[in-house]
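Chains as they are written, first to last, in UniProt numbering: chain A, 1 to 229; chain B, 1 to 974; chain C, 1 to 309.
Glycine included, C-beta positions come from ideal geometry on N, C-alpha and C.
Keep in mind that this is a model prediction, so the values were computed, not measured.
Report on one structure; see the data block that follows.
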Amino acid sequence: MKLGLVVDLDTCVGCHGCATACKQWNTSGTIGPLSDENPYGKDPNGAWLNRIRTYEVDDTPNSKTVNMPMSCMHCDNAACVTVCPTGASYKREEDGIVLVDQDKCMGCNLCSWACPYGARELDPQEGTMKKCTLCVDRIYDEKLPEDERKPACVMTCPTKSRVFGDFDDPNSEVSQLVRDRAGKQLMPELGYEPVNTYLPPRNKPVVEMYETTSLKDTVKGWVNKVIAR
Amino acid sequence: MTSQANVIPVQSGLPEFEDRDNQETKYTTCYMCACRCGIKVTVEDNKVRFIQGNPNHPINKGVLCAKGNSGIMKQYSPAKLSSPLLRKPGTERGAGEFEEISWDQALDMLEKRLSHIRATDPKKLAYFTGRDQMQALTGMWASQFGTINWAAHGGFCSVNMAAGGLYTMGHAFWEFGDPDWDNTKYFMMWGVAEDHSSNPIKLGLKKLKERGAKFVAVNPVRTGYQAIADEWVAIRPGTDAVLALSMVHVLLKNKLVDEEFLIRYTNSPQLVVNTPGQKGDGLFYRGESGEIQVWDLVKEEYVDANLPDINPALFGEFTMPDGTPVRTAMTIMIDKYMDEQYAPENAAKECGVSAEDIERMALEMAHVAFKETITIDVEWTDWAGRKQDKFIGRPVSMHAMRGISAHSNGFQTCRAIHLLQVLLGTIDCPGGHLAKPPFPKHVPPGIKPAKEMAPNTPLKSPPLGFPTCPEDLAIDADGNPLRIDKAYSWDAPVSCHGLMHMVISNAVKGDPYEIDTLMLFMANMAWNSSMNTAQTMDMLCEKKEDGEYKIPFIVCSDAFNSEMVAYSDLVLPDTTYLERYDTISMLDRPISEPHAACDSVRIPVVQPDRNVMSWQEVMVEMAGRLGFPAFSKPEGGRKYEGYKDFIVNFEKEPGIGFLAGYRGKDGDKSLRGEPNPRQWEAYEENEGFFEMHLEPNQRYMRHANKDYLELAKEAAWVGSTNQIVIELYSEKIQTFRLAGQGLYDGPMPTEEHHKERLVKYFDPLPTYYMPLEEQRIDREEYPFHAVNQRPMFMYHSWDSQNAWLRQIMSQNYLFMNRVAAEKMGIDDLSWVWVESHNGKIRVQIKHMEGTNEQTVWTWNAIAKRGGAWGLSDDANEATDAFLMNHLISELLPQKGDNEDRVTNSDPITGQAAWYDLRVKITPAAPGETGAWPSFSALKSQPNAKPSPDMLSYTSHENVNLNRPMSDILTRGEK
Amino acid sequence: MHPAFSVLVFTVMSGAGYGLITLMILGHLFGLPQLQDSTVLLTGGGLAFALISGGLLSSTLHLANPKNAWRSFSRFKTSWLSREAVFAVLFYPFLLGYLANIWANGTEVTGIAQLAGFGAAALAMVTLFCTSMIYASLKTIRQWNSSLTPVNYIALGLMSGSLLLAAVQSAVTGDLSSTLHTIAMGLVVLGAVVKVIYLFWIGKPAGSTINTATGFTQASVRLLDQGHTSNGFLNNEFGYTVEANKLVRLRVLMVAIAFVLPFLLLLTSSAGLLVLAAILTIIGLLVERWLFFAEARHVVRLFHGDQRV
Ligand SMILES: Nc1nc2c(c(=O)[nH]1)N[C@H]1C(S)=C(S)[C@@H](COP(=O)(O)OP(=O)(O)OC[C@H]3O[C@@H](n4cnc5c(=O)[nH]c(N)nc54)[C@H](O)[C@@H]3O)O[C@H]1N2
Ligand SMILES: Nc1nc2c(c(=O)[nH]1)N[C@H]1C(S)=C(S)[C@@H](COP(=O)(O)OP(=O)(O)OC[C@H]3O[C@@H](n4cnc5c(=O)[nH]c(N)nc54)[C@H](O)[C@@H]3O)O[C@H]1N2
Ligand code: SF4
Ligand code: SF4
Ligand code: SF4
Ligand code: SF4
Ligand code: SF4
Ligand SMILES: [Mo]
């Protein structure tokens, strides 16, 4: 199995819902807490596993705004794992999820240096590395109702711009979406083979214009029709 | 929408992550904003583990926004108030020096004050509520108290949208209607950043995009929703009516209107008296029967307009038997809108949208409406009892909000957008703009604003209502305003939601009179809901010669240490939304969906750890103490034990109460039924909400749908089953214009500027006029429009106390189009001065592409006062963030004329004109950085726990997933 | 990259220590006359020990959770940091054996001396190489991801080591060794050449851009909002930005202090100035290492608005 997310850039409105859902689930989740420094003071700064960035593509007047949520891509070639000296970082063989064992991390930051996607953040209080767990503590939890066995961010997304699934299964929804919508990896040239895939904005739908004949200039051009009220 | 049924086969070997034995799950309603999503909350040891969307809930269907997901940090906020506070004797208002008192003391003090006011001059109590959703209760409380000085936030929020819709078609954009997300093929969104329907809009947009429908966004700024629009129309602020009416022009020129719809469902065939300069001009011609007349093409005679089976002429000028010249309303519209003024070439110059785009969009919509018509094959019965075999849908829909309403021409602009929809026949039809129960109502709803008051006597009608003619105004015999906010006066005759933004300024001036007590609930008027914030703070502290404050006593109900708290004399600490009982009632603004009547409740999920009481309880307690008739037994004594008891047992009329679900003794009745003593339990068992789906034949064309109207009457949503006729031509508005012209048999203004305003702005047909501020300033000197947007992850001033949300944004920037900024030599991230006719501020600039070149904008309400909200004195919100409010004046720009004293609001509805603001921008001197003005930090409440420097929230000890040592030592690269 | 002071100190000091010990042992074992002196060897060895150990201790200062530092030996299989740790520790018995042997038995080149000496020298270089590979292996940082990085680390380690060695030798004996002096001059030239090549190489535009990062390769891309207003971990770690002017000035300063001045001092052939030259080089290399970090541009910056790295 190769689990990961598809993110639809055509519909993401940049609401940050997935980011805070992630924060609240995971602060009491297996990776937690996710601490926050200066929570009520100057320059508040905490550990987040999912961040939303916004870009403007192209120049005025042709530009487009694109919201881009980013969390761990659960890369196939996860250099963050190979560089980790303690073995705290690892990629699960059974499903490809990349995790950090909080009991083993020494907070050297090297994995974050190895990650091209900014997916790892050091917890300011714990001193250990935090990253997306793909909500491993939800997706396998038998005690959750079946339709809640998915990542918190996926469950909450109000535009359903995040889809979770198995990229190894060609019939899964994620695989289909990647095929149908020409899903893209970010920075493929680095060779990390990120699993998470982005669906680019769609082409605009084309709407025909009403074909018009003669133009009316005044009320005289109108003729009453008999229409029963 | 595709399903997400990718459930991963469960593997063993993972630890039990959750302490399930210790956890409990409860359902309630989110109140991180007014969208009111259903939530499922997991709690352990009175600590919140997780808040998730309730998948069964009609509003959010399982999803939550950024705020909803951050509820834990609201519950954890260090700014929570913890006990009633009394301003320390001898200290000044605004200094924030309080002593804690008991609830008994607080309530006794309030009771004494209020009972005196009530027994002497009830209008001396002004009671205003901000972001609350319990206006049915607070409004009723005010009526029972006997003061007309009550209003909620609608006046500074979006009364233009409410009134624009309710005076046109009986429902409205603002919470009273939704686009038909499932069927629409062409959706145009006007001036919306986030809106109350936060999650439903997002869910809806996804549906549209999945179906390949076209989404056009009209907005000077391109973020959020506009970012995913297929087409972005970068309009110049304040000119949407020009765009809408120009599209109307294109449709009319090409004869692309739904004539059947106009004849059957609107007043456009009705005959309007055409006697300019004479009394009665512009009113409908009423025959001997007193009924409005139309010309029947088949019978060839004048008939009552509201009869079924007649064949009215849509066009034509006629002379009535009594010699009165008349013409159909449609004829007037064609004359008006076919004028060259509305031709796309001319409109383009005003609104900045190209003529080709205007024409193309109009013709695209016409194509979708008339060539891509959809039908739903359900038999239904029309208002006259005639069977119809299907619903015809013209799948063009629209939504509009504060980009339209927050301008002083917003009422007319909103009507212009409705006009466009109506001409295309897209009202409450499949694919069009749908009403949500209890809407539609008759045009306008039949409630008149109260004007008479007497000591110890309830008002005869609610304080707020819908005037239909000058007689309904709340003015005295001399034409002076009766209300403290001057609502329903000649300044703003149709101000159906009051003018809360004028209260402080008027009360301090004693214009029209002085008050004794100002009671605020959930309104941060010392900060972000005031225009002119800095001066408002001064006004709150202004004293009379005798040393008494001009507003002698200020009571505020707040849950947090907001900026308003410091300016109050008595502070009553509220519970949080996770700690209280509450109702989201059909009598108010329920959570209905277009095809289901719904309401919901809040049920506590955690126990308060402070000395707090919900405002709901305070209201019922005070009503009991003051002996309001509706809260007292006939033989005397209190009728209700408390809020829960009140909700269950209060009946507005037999069988109608605050909650429409699970009524009747056994809880098996919906909408109407005798009280159910187990109603709260029933809601609790049903996940906190009630949803009654309408029958398929009741789902569309409800303004003329007999089965629906009968249900609506039974549910007390409407007063009669008569057809709700859509009023494109508003005779009600015309009566005010006649008063301005001196041609009215009834109250008429005496002051010149009032007359002028009535004549100029009270056009019975949707029209465009330049926003008032723009009319009164030098447009060259102030070249930029300045507007705000709601950030999706912040609710007004509430969320800077939220440790997670403030990390997303603790400073706002002034966004400027990159090309425009570069032309002026204004660098990205540089500090600039922004100046309006009313003041100046210093802010930091950010360049962007997606902004109209004549517009600057910022995110709303990010700035905070240091010390408030549990923030440190040097929090970014206090040092670098800014409020646009300082630049906005509550009065029109001063010109030395009579309008100087007039509110900066829509002249029709009194809607605060936040977005009329025009500014100039100049670079700040080198070294001039940081936001200006800045204010001294406020004090924290007595005994407040200090805000922590580090926060590591968990609800239980985290269960780590261990990697076995053997794996660490043996695994290779993969 | 944010230059963490502890890491600068670590790489410069341990690099110099490893360079010193390697050159000294090799000189001793290959019979360089001036190094057949126990005092010189013990002094040099002691200094190297101090530099290396001080450096390693300093490196643990940047660990946020040092209680798990011992675990860093576990992932020898893939992690250069783990390998560095393993080799750094392995190095000690060899070094201590070598020094103990000198202390006990004098400078005679015995089998023990050879085993311990060559072992220590090899492990010193391997450790230094591992350190450099921690940086060189990161595909995320173009300025590091090159064979120039290990060449730089080793050349500069040897260079600073050679100056220290010459300084120790002359300070202890009061007599300047021309061989050590020449080696030092040669290594300073080599170090300078290597560094200048490196500086030219990182100046060439290459690598990922904001377009490949975001996937929008057909048009300009600008950051509008990074999703949080205050700086977060990623900004602090990777967003370190120095003004271009300042960088140029620092480069000049670095070349002057690390290479040119020591070279000029070496030209004077004065024993006293050798110590100064060695100290200058160490200071210069601290600047060099600071620049190595400050000029390294992590690809995460692209997501925060940089157009290219
Ligand atoms: N997250 C969040 N949600 C909220 C709130 C909140 O504070 N935060 N507040 C709630 C409240 S009280 C309200 S009233 C609603 C308001 O919700 P919205 O109606 O979405 O109000 P604004 O955020 O004011 O957005 C106004 C939009 O209109 C655009 N605009 C400004 N002037 C013009 C114009 O002249 N023409 C056009 N076409 N567009 C224009 C602005 O760029 C902006 O995008 O949101 C509610 N929902
Ligand atoms: N410049 C500018 N200003 C604007 C606008 C704009 O677009 N631009 N928009 C305007 C609009 S549309 C609106 S609606 C207003 C909103 O303005 P306000 O009505 O003032 O709303 P808030 O700022 O949310 O303040 C509400 C107060 O309620 C308190 N509160 C929160 N939760 C609770 C609770 O559970 N119980 C009690 N008792 N109190 C609680 C908060 O602490 C806060 O003090 O702002 C207006 N101001
Ligand atoms: S929740 Fe969905 S729409 Fe919102 S930012 Fe995340 S992906 Fe985008
Ligand atoms: S995104 Fe970064 S942290 Fe996640 S697997 Fe890839 S390299 Fe590792
Ligand atoms: S910070 Fe922790 S997880 Fe990352 S490389 Fe270092 S030890 Fe491994
Ligand atoms: S999958 Fe879970 S951990 Fe990862 S971003 Fe989503 S919510 Fe966060
Ligand atoms: S939109 Fe968000 S904040 Fe508002 S009620 Fe829904 S979940 Fe709560
Ligand atoms: Mo509002």
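Item checked: Residue closest to THR229 (chain C), alpha-carbon to alpha-carbon, out of B:SER947, B:THR903, B:MET884 and B:MET809 -> Numbered from its first residue, the third sequence carries residue 229 (chain C) at position 229. Selected option, being the one with the closest Cα: B:MET809.
Notebook entry, point to check: Whose CA, out of A:LYS64, A:THR133, A:MET70 and A:PRO201, lies closest to the CA of ALA3 (chain A)?
Noted result: In the first sequence, residue 3 (chain A) corresponds to position 3, counting from 1. According to the sequence provided, residue 3 (chain A) is Leu. The question's Ala does not apply to it. Cα-wise, what sits closest to LEU3 (chain A) is A:THR133.
Next item on the list: Pick helix, strand or coil for ALA64 (chain C), following the three-state DSSP scheme.
Entry: Your numbering for residue 64 (chain C) matches position 64 in the third sequence. Judged by DSSP in its simplified three-state form, ALA64 (chain C) adopts coil rather than helix or strand.
Check: Going along the chain, which residues of its own chain have a beta-carbon closer than 6 Å to the beta-carbon of SER3 (chain B), five neighbours each way excluded?
Finding: Within the second sequence, the letter at position 3 stands for residue 3 (chain B). At SER3 (chain B) the pLDDT is 35, less than 50, meaning the model places this residue with poor confidence and gives no usable figure here.
Note to self: Between ARG75 (chain C) and chain F, is the shortest Cβ-Cβ distance under 8 Å, so that the two count as touching?
What the structure shows: Absent from the structure: chain F. Protein chains present are A, B and C.
Item checked: Within-8 Å CB hit, THR375 (chain B) to chain A -> Walking along the second sequence from the start, residue 375 (chain B) turns up at place 375. False, the Cβ-Cβ gap to chain A never drops below 8 Å.
Next item on the list: Using beta-carbon positions only, say whether MET522 (chain B) and ARG36 (chain B) come within less than 8 Å of one another.
Entry: Locating residue 522 (chain B) in the second sequence gives position 522, counting from the first residue. Locating residue 36 (chain B) in the second sequence gives position 36, counting from the first residue. In this structure, ARG36 (chain B) does not lie closer than 8 Å to MET522 (chain B) by Cβ.
Check: Under the three-state reduction of DSSP, which class applies to GLU548 (chain B): helix, strand or coil?
Finding: The sequence position of residue 548 (chain B) within the second sequence is 548, counting from 1. For GLU548 (chain B), the three-state secondary structure derived from DSSP is coil.
Margin query: Let me make sure I understand the geometry here. Which of B:ARG638, B:VAL159, B:GLU653 and B:GLY972 has the alpha-carbon closest to that of LEU499 (chain B)?
Written below: Within the second sequence, the letter at position 499 stands for residue 499 (chain B). The residue with the shortest Cα to Cα distance from LEU499 (chain B) is B:VAL159.
Notebook entry, point to check: With a CB to CB cut of under 8 Å and the five nearest residues on each side skipped, what residues in its chain are close to VAL194 (chain C)?
Noted result: Position 194 of the third sequence, counted from the start, is the residue given in the question as residue 194 (chain C). LEU148, VAL151, ASN152, ALA155 and LEU156, listed in sequence order.
Checklist line | Enclosing beta strand (DSSP E) for VAL273 (chain B) [first to last residue] | finding: Numbered from its first residue, the second sequence carries residue 273 (chain B) at position 273. Where VAL273 (chain B) is concerned, the enclosing beta strand (DSSP E) stretches over 271-273.
Check: Where do the N-terminal and C-terminal ends of the alpha helix (DSSP H) with MET125 (chain C) fall, by residue?
Finding: The residue you call residue 125 (chain C) lines up with position 125 of the third sequence. First-last of the alpha helix (DSSP H) with MET125 (chain C): 111-136.
Note to self: Among the candidates A:GLU126, A:VAL136, A:LEU110 and A:CYS72, whose CA atom is the shortest distance from the CA of GLU193 (chain A)?
What the structure shows: On the first sequence, position 193 is the one that residue 193 (chain A) refers to. Considering only alpha carbons, the answer is A:CYS72.
Notebook entry, point to check: For the 8 Å Cβ check, are there 3 or more pairs between the segment 891-910 of chain B and the segment 592-605 of chain B?
Noted result: no
Note to self: Please determine whether the Cβ atom of SER505 (chain B) lies at a distance below 7 Å from any heavy atom of ligand 6.
What the structure shows: In the second sequence, counting from the first residue as 1, residue 505 (chain B) sits at position 505. No - ligand 6 has no heavy atom lying nearer than 7 Å to the Cβ of SER505 (chain B).
Note to self: With DSSP as the reference, identify every bridge partner of ALA597 (chain B), one or two as the case may be.
What the structure shows: Taking the second sequence and counting its residues from 1, one reaches residue 597 (chain B) at position 597. According to DSSP, which records beta bridges pairwise, ALA597 (chain B) is partnered with B:MET692.
Note to self: DSSP three-state label for ARG162 (chain A), please.
What the structure shows: As a position in the first sequence, residue 162 (chain A) is number 162, starting the count at 1. ARG162 (chain A): strand per DSSP, three-state reduction.
Checklist line | Span of the beta strand (DSSP E), counted from its first residue to its last, around ARG842 (chain B) | finding: Position 842 of the second sequence holds residue 842 (chain B). Looking at the DSSP string, the run of the beta strand (DSSP E) that includes ARG842 (chain B) is 840-848.
Check: In chain C, which residues lie with their C-beta within 9 Å of the C-beta of GLY972 (chain B)?
Finding: In the second sequence, counting from the first residue as 1, residue 972 (chain B) sits at position 972. Going along chain C in sequence order, the residues near GLY972 (chain B) (Cβ under 9 Å) are LYS77 and THR78.
Check: Which of the residues in the segment 175-187 of chain B, read from start to end, lie with their CB under 9 Å from any CB of chain A?
Finding: LYS185 and TYR186
Notebook entry, point to check: Which residues count as close to ligand 6 when the rule is a CB under 7 Å from any of its heavy atoms, in chain order?
Noted result: A:LEU5, A:CYS18, A:ALA21, A:CYS22, A:TRP25, A:ASN26, A:LEU49, A:ASN50, A:SER71, A:CYS72, A:CYS132, A:THR133, A:LEU134, A:CYS135, A:PRO151, A:ALA152, A:CYS153 and A:VAL154
Notebook entry, point to check: List, in order along the chain, the chain B residues whose C-beta lies closer than 8 Å to that of GLY227 (chain C)?
Noted result: Indexing the third sequence from 1 puts residue 227 (chain C) at position 227. Neighbours of GLY227 (chain C) on chain B, chain order: ILE808.
Note to self: So GLN811 (chain B) contacts chain C; which residues on that side make the cut at Cβ distance below 7 Å?
What the structure shows: Taking the first residue of the second sequence as position 1, residue 811 (chain B) is located at position 811. Residues of chain C passing the Cβ test: THR229.
Checklist line | Element boundaries [beta strand (DSSP E), containing GLY272 (chain C)] | finding: Your numbering for residue 272 (chain C) matches position 272 in the third sequence. Note, GLY272 (chain C): premise wrong, no beta strand (DSSP E); alpha helix (DSSP H) at 271-294.
Notebook entry, point to check: Cα separation between TRP527 (chain B) and GLN226 (chain B)?
Noted result: Locating residue 527 (chain B) in the second sequence gives position 527, where the first residue counts as 1. Locating residue 226 (chain B) in the second sequence gives position 226, where the first residue counts as 1. Whole-angstrom Cα-Cα distance: 29 Å.
Checklist line | Opposing strand residues paired with SER905 (chain B) [DSSP bridges] | finding: Position 905 of the second sequence, counted from the first residue, corresponds to residue 905 (chain B). B:ALA912, per the DSSP bridge assignment.
Notebook entry, point to check: Cβ of SER905 (chain B) versus every heavy atom of ligand 8: is any distance shorter than 7 Å?
Noted result: As a working mapping, residue 905 (chain B) is identified with position 905 in the second sequence. No, the beta carbon of SER905 (chain B) sits no closer than 7 Å to any heavy atom of ligand 8.
Next item on the list: Could you tell me how far apart the beta carbons of SER797 (chain B) and SER562 (chain B) are, in whole angstroms, since I believe they sit closer than 8 Å?
Entry: Here residue 797 (chain B) corresponds to residue number 797 of the second sequence, with the count starting at 1. Here residue 562 (chain B) corresponds to residue number 562 of the second sequence, with the count starting at 1. Contact between SER797 (chain B) and SER562 (chain B) holds: CB atoms are separated by about 6 Å, below the 8 Å threshold.
Note to self: In chain order, what are the residue ranges of uninterrupted alpha helix (DSSP H) at least 4 long that sit wholly in the segment 27-103 of chain A?
What the structure shows: 79-83
Checklist line | Which of helix, strand or coil DSSP assigns to ALA88 (chain C) | finding: On the third sequence, position 88 is the one that residue 88 (chain C) refers to. ALA88 (chain C) falls in the helix class under three-state DSSP.
Next item on the list: Determine, using beta carbons only, whether MET73 (chain A) comes closer than 8 Å to chain C.
Entry: Residue mapping note: residue 73 (chain A) aligns to position 73 of the first sequence, counting from 1. No, because no Cβ of chain C sits closer than 8 Å to the Cβ of MET73 (chain A).
Notebook entry, point to check: How about ARG181 (chain A) and LEU199 (chain A): are their beta carbons less than 8 Å apart?
Noted result: Here residue 181 (chain A) corresponds to residue number 181 of the first sequence, with the count starting at 1. Here residue 199 (chain A) corresponds to residue number 199 of the first sequence, with the count starting at 1. Yes, they are a contact pair.
Margin query: Alpha carbons only, please: which of A:LEU5, A:MET1, A:THR20 and A:THR30 is nearest the one belonging to SER955 (chain B)?
Written below: Walking along the second sequence from the start, residue 955 (chain B) turns up at place 955. The shortest C-alpha separation from SER955 (chain B) is found at A:THR30.
Checklist line | Positions along the segment 353-371 of chain B whose CB lies within less than 8 Å of some CB in chain A | finding: So the list reads ARG360, LEU363, GLU364, ALA366, HIS367, VAL368, PHE370 and LYS371, given in the order they occur along the chain.
Next item on the list: Taking only the alpha-carbon atoms, compute the straight-line gap between ILE603 (chain B) and ARG918 (chain B) and give it to the nearest angstrom.
Entry: Within the second sequence, residue 603 (chain B) is the residue found at index 603, counting from 1. Within the second sequence, residue 918 (chain B) is the residue found at index 918, counting from 1. Distance from the CA of ILE603 (chain B) to the CA of ARG918 (chain B), rounded to the nearest whole angstrom, comes to 45 Å.
Notebook entry, point to check: Below 8 Å, can you find three or more Cβ-Cβ pairs linking the segment 321-334 of chain B to the segment 713-732 of chain B?
Noted result: The segment 321-334 of chain B, when compared against the segment 713-732 of chain B, does touch it at the 8 Å Cβ threshold.
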